[in-house]
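Visitor:
Numbering (the numbering used here), first residue to last: 41 to 983.
1) Using 8 Å as the threshold, is the stretch 953-969 in touch with the stretch 421-429, meaning 3 or more CB pairs across them?
2) Compute the Euclidean distance between the alpha carbons of residue 963 and residue 875, then round it to the nearest angstrom.
3) Identify the residues that DSSP records as bridge partners of residue 630: which are they?
4) Return yes when the Cβ of residue 633 is within less than 8 Å of the Cβ of residue 909, no when it is not.
5) Could you work out which residue in 455, 193, 511, 526 is closest to residue 916 when comparing CA atoms only?
6) Rounded to the nearest angstrom, what separates residue 70 and residue 710 at their Cα positions?
7) Identify, in the order they occur along the chain, each residue of the same chain with its Cβ nearer than 7 Å to the Cβ of residue 965, setting aside the five sequence neighbours on each side.
8) Which residue or residues does DSSP assign as beta-bridge partners of residue 721?
9) Pull the bridge partners of residue 336 from the DSSP assignment, please.
10) Exposed or buried, which one is residue 347 when buried takes at least 16 other CB atoms within 10 Å?
11) If distances are taken between C-alpha atoms only, which option among 188, 152, 64 comes closest to residue 101?
12) If you measure between the beta carbons of residue 449 and residue 473, is that distance less than 8 Å?
13) How long is the line joining the alpha carbons of residue 739 and residue 774, rounded to whole angstroms?
14) Should the stretch 429-446 be regarded as contacting the stretch 559-567, the criterion being three or more beta carbon pairs within less than 8 Å?
15) When DSSP builds the beta bridges, which residues end up paired with residue 212?
16) Using the Cα positions of residue 496 and residue 508, report the straight-line distance between them to the nearest angstrom.
17) Opposite residue 686 in the DSSP bridges: which residues?
18) With a threshold of 7 Å on Cβ separation, who are the neighbours of residue 467 within its own chain once the five nearest residues in sequence on each side are excluded?
19) DSSP state of residue 681, grouped into three classes?
20) Assign residue 915 to one of three DSSP states: helix, strand, or coil.
21) For residue 803, which three-state DSSP category applies?
22) Can you name, in chain order, every residue of its own chain whose Cβ lies under 6 Å from the Cβ of residue 200, other than the five neighbours on each side?
23) Classify residue 749: buried if its beta carbon has 16 or more other beta carbons within 10 angstroms, exposed otherwise.
24) Tell me, which residues are paired with residue 943 by DSSP?
25) Nearest-angstrom Cα distance between residue 168 and residue 82?
26) For residue 651, which residues in the same chain have their Cβ closer than 7 Å to its Cβ, ignoring the five residues on either side in sequence?
27) Can you name the residues that DSSP bridges to residue 905?
28) Can you list, in chain order, the residues of its chain with a C-beta nearer than 8 Å to that of residue 321? Leave out the 5 residues immediately preceding and following it.
29) For residue 945, which residues of its own chain have a beta-carbon under 6 Å away from its beta-carbon, when the five flanking residues on both sides are left out?
30) With C-beta atoms as the reference, is residue 304 less than 8 Å away from residue 626?
31) Return the bridge partner residues of residue 613 from the DSSP annotation.
32) For the stretch 602-609 and the stretch 212-224, state whether three or more C-beta atom pairs, one from each stretch, are separated by less than 8 Å.
33) Apart from the five residues on each side of it in sequence, which residues of its chain come closer than 6 Å, Cβ to Cβ, to residue 329?
34) Would you check if the stretch 572-581 and the stretch 543-553 touch, i.e. whether three or more CB-CB distances between them fall below 8 Å?
35) Please state if the CB of residue 686 and the CB of residue 313 are separated by a distance shorter than 8 Å.
36) Buried or exposed, going by whether 16 or more other CB atoms sit within 10 Å of the CB of residue 266?
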């Protein structure tokens, strides 16, 4: 029988039913989970082993050392370098020789005066071939203090480890031999690998299936064992609500934060450069500020470090980087040295008071600005209104008339329900209203005239004060908001580290965490499971780790955290996400389905069989792990908050992706006259034939020559990417031959495939497309995959070079892009603006100034853009059509992305555009000078 998710009742008597259902979901996911592949742990067949005299040896300059340092720099976001000890050389079933390290550690090479220092970049790990967890923990706890192949204790440990890994007859040798026997080389070596450690998760999922409390976790909203109480939003509430955040937020980001507060499941999406990481950090800090515990999960170590870097720039609590990360040393020092002993109560109160005072200052300024904008909007309406319409109610225009009281009388006059007394009161109110208006008109007609009277009254008050001039108020608001963010961050840090949160149990748990973070992975897993998590999270509410580390290390406690934030969810499958999401009572899930997605190799028939076996046909669409990533699953359960504004690159770089992959929904907040005409894409055509053995020789040579030219011109922070692994490997080899390790490091040169570069970016990107029109259709389809192509196009911040043997004008995605790239960008299309703005622009143009009206910046419009270079100024000539709240949002965003603005409201100049133009030109005389278009800084301003 198929289970109906709607039949279960969360909590109460229905709780056990839901737990049973969720247990079946986890069992089904376990059956669909891929097995761990030993090949992921092997030293790649092509990789050279660089043997070291000892574990902590420093590498000398030259030869293999320089090559390893260069490779490390070329792939600095991937961490491809491993240090290994105890390498098993054995024959596989196919007879080929293979190498399996018993102990490995991700490392980086740090340049010194005489060589390279090996810098740990992660944990020392035992091979996953040791399947017995008890044996793995025992071996980890007895790791030799010195990895010395001549030490008997070390050799004995290697023999036991090799036996536990399935090599009981392995012989211990001091160096590699030509023997066909199974041997363990008792030496330290360095090697490179592209494979990421991905332990099997099936056992973890089966263990989860037996855990209580799953029905109270965030998963109940994703798989249907409960009803998500998701509020309906039209965006208006978010526009009006003031949010006290330690980070500046645009309207979409603010909406995402507010939904994360209100809804048990919320989903955030956006194109590259739209501030997803920025938004997630703001959500995490906001949750901590409201007393919640937060777990942030990512797909990659690099992404986890990006979030940690963003958090470190903000005042607030230090996150716990508990997994395979190389930047948790300071946290360990703090935990063990007592540096985080706790803030006294009086400091917490003082910081909170300062933050509240700063918030009150911001709110007061916002009220003052809003009042002025409302007056300006009313005056604008009055300017196109004939006051004669009030001739039949002249009392409404008398000085000092309380029009608010008139509105109350209208309401009373219309309230006739409730019997004869109510009708008497209504008639009495109507008489008073007519007396006030000195009119004989019916109540409803007087009511129609009240808005006109209010607008005319507001125009009179505004004129009396000299018009609306907000220039100084905007400056005060910007300073006040910056102060409020700093004060809120300090209050958050004090509250998160308050002594009241760090009682004896919490201090003991923190000390145990410091010890656990120094332990090996197996031992750390057990130590974390034994820690009092409630006390620990009370003291340390913010945690960051990769999906793999979370599942491998954190205890399996359903609802352990108040909030789980899952980043890169489009690239994470449900199987690996399930355990992470089970640890949170609420969840925020972020991703971009237009970038590279998770690919599953599970056959449809296998998915169907597993679903049927566990009686989960009612949610078969959600359990389609072949097609639905963790992001897809969440997007089917709740509305998606889309981040629409791009902050990373110049308009030319994001334009094609915006139109082709996001249907024009992504707007460029960095647009400015200094960059809107910048041709940021160069196409370099080459002639040559189809790829041979996966390599386009013509493109290869052209790419290497182009890189040399750019580096000679002084370009730095340059990445070379291609869709194809074989092409990437050849480009890497050419770069290694052409440049020394010092040059690669100093030039900040990188290379790799598009897949390896998702989540990374560079100032300049060189793309080798690697496709010829005569290539196999499968190769052409791979390069033209829209998700891959979108990632490829959006890695550059400033300049994109494309090397290709293809031509524009042919059908298909790549040809369409080449056609787009061949045409220089044109000035943005103007939008309509109020007549007052048109009149002021005409006067400015008559005075010799360069102006454009309706200049688009992201979702916003600058009424008049004065100037056409880096010194351009945005003139705001009227209140935003959506009201004061939208007007304030526009002002904030324009300031954050580097615009200078000036208010030019008609009330300030008594409706005289000539006077307005003269005043503006007096403040900005450069506007009538020679144009310097294109000489400004091309670099986009962004978060």
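By construction, the Cβ of each residue, glycine as well, lies at the ideal position given by its N, Cα and C atoms.
Guide: If we stick to the structure as given:
1) No contact exists between the stretch 953-969 and the stretch 421-429.
2) Taking the chain shown and counting its residues from 1, one reaches residue 963 at position 923. Taking the chain shown and counting its residues from 1, one reaches residue 875 at position 835. Using only the alpha carbons, I get a separation of about 23 Å.
3) Sequence index remark: in the chain shown, residue 630 carries index 590 (1-based). Its beta-bridge partners are 308.
4) Within the chain shown, the letter at position 869 stands for residue 909. Within the chain shown, the letter at position 593 stands for residue 633. Their beta carbons are not under 8 Å apart, which means residue 909 does not touch residue 633 by this criterion.
5) Sequence index remark: in the chain shown, residue 916 carries index 876 (1-based). Per the Cα distances, 511.
6) The residue labelled residue 70 in the question sits at position 30 within the chain shown. The residue labelled residue 710 in the question sits at position 670 within the chain shown. Using only the alpha carbons, I get a separation of about 46 Å.
7) Working through the chain shown from its first residue, we reach residue 965 at position 925. Within the same chain, no Cβ atom closer than 7 Å to the Cβ of residue 965 is found once the five residues on either side in sequence are excluded.
8) Counted from its first residue, the chain shown places residue 721 at position 681. Answer by DSSP bridge pairing, in chain order: 840.
9) Taking the first residue of the chain shown as position 1, residue 336 is located at position 296. Answer is 584, 605.
10) Sequence index remark: in the chain shown, residue 347 carries index 307 (1-based). It is buried - the Cβ of residue 347 has at least 16 other Cβ atoms within 10 Å.
11) For the purposes of this step, residue 101 is taken as residue 61 along the chain shown, with counting starting at 1. Checked all of 188, 152, 64; the closest Cα to residue 101 is 152.
12) If you number the chain shown from 1, residue 449 lands on position 409. If you number the chain shown from 1, residue 473 lands on position 433. Yes, Cβ-Cβ distance for residue 449 and residue 473 is below 8 Å.
13) Here residue 739 corresponds to residue number 699 of the chain shown, with the count starting at 1. Here residue 774 corresponds to residue number 734 of the chain shown, with the count starting at 1. The straight-line gap from Cα to Cα measures roughly 12 Å.
14) Contact fails: fewer than three Cβ-Cβ distances are below 8 Å.
15) For the purposes of this step, residue 212 is taken as residue 172 along the chain shown, with counting starting at 1. Its beta-bridge partners are 224.
16) On the chain shown, residue 496 is found 456 positions in, with the first residue counted as 1. On the chain shown, residue 508 is found 468 positions in, with the first residue counted as 1. Spanning the two alpha carbons is a distance of roughly 15 Å.
17) Stepping through the chain shown from its first residue, residue 686 is reached at position 646. Its beta-bridge partners are 708.
18) The residue given as residue 467 occupies position 427 in the chain shown. Excluding sequence neighbours, residue 467 sits near nothing in its chain.
19) Sequence index remark: in the chain shown, residue 681 carries index 641 (1-based). Looking at residue 681 - three-state DSSP - the assignment turns out to be strand.
20) Residue 915 sits at position 875 when you count from the first residue of the chain shown. Residue state, collapsed to three classes: strand.
21) Stepping through the chain shown from its first residue, residue 803 is reached at position 763. Looking at residue 803 - three-state DSSP - the assignment turns out to be strand.
22) Taking the chain shown and counting its residues from 1, the one referred to as residue 200 is at position 160. Taken in chain order, the list of residues that qualify is empty.
23) Working through the chain shown from its first residue, we reach residue 749 at position 709. Exposed, by the Cβ-count rule.
24) What you label residue 943 is simply residue 903 of the chain shown in a count that begins at 1. DSSP output for residue 943 lists 916 as bridge partner(s).
25) As a working mapping, residue 168 is identified with position 128 in the chain shown. As a working mapping, residue 82 is identified with position 42 in the chain shown. Approximately 11 Å, taken between the alpha carbons.
26) Numbered from 1 along the chain shown, position 611 holds the residue referred to as residue 651. Contacts found: 68, 657, 660, 663.
27) For the purposes of this step, residue 905 is taken as the residue at position 865 of the chain shown. DSSP output for residue 905 lists 892, 914 as bridge partner(s).
28) As a first step, residue 321 must be located in the chain shown, where it is residue number 281. Excluding residues within five positions, the ones whose Cβ falls inside 8 Å are 287, 347, 350, 351, 354.
29) On the chain shown, position 905 is the one that residue 945 refers to. Answer for residue 945: 416, 508, listed in chain order.
30) Reading the chain shown from its first residue, position 264 is the one you call residue 304. Reading the chain shown from its first residue, position 586 is the one you call residue 626. Result yes, Cβ atoms of residue 304 and residue 626 sit closer than 8 Å.
31) Counting from one through the chain shown, the residue named residue 613 turns up at place 573. In the DSSP output, where bridge partners are listed per residue, residue 613 has 669.
32) Counting Cβ pairs under 8 Å, fewer than three are found: no touch.
33) Within the chain shown, numbered from 1, the residue matching residue 329 stands at position 289. For residue 329, where only same-chain residues beyond five positions count, the Cβ hits under 6 Å are 532.
34) yes
35) By 1-based counting over the chain shown, the position of residue 313 is 273. By 1-based counting over the chain shown, the position of residue 686 is 646. Yes.
36) Position 226 of the chain shown, counting from 1, holds the residue named residue 266. Unreliable placement is indicated for residue 266, whose pLDDT of 46 sits below 50; the coordinate value is still reported in the next sentence. Flag for residue 266 reads buried.
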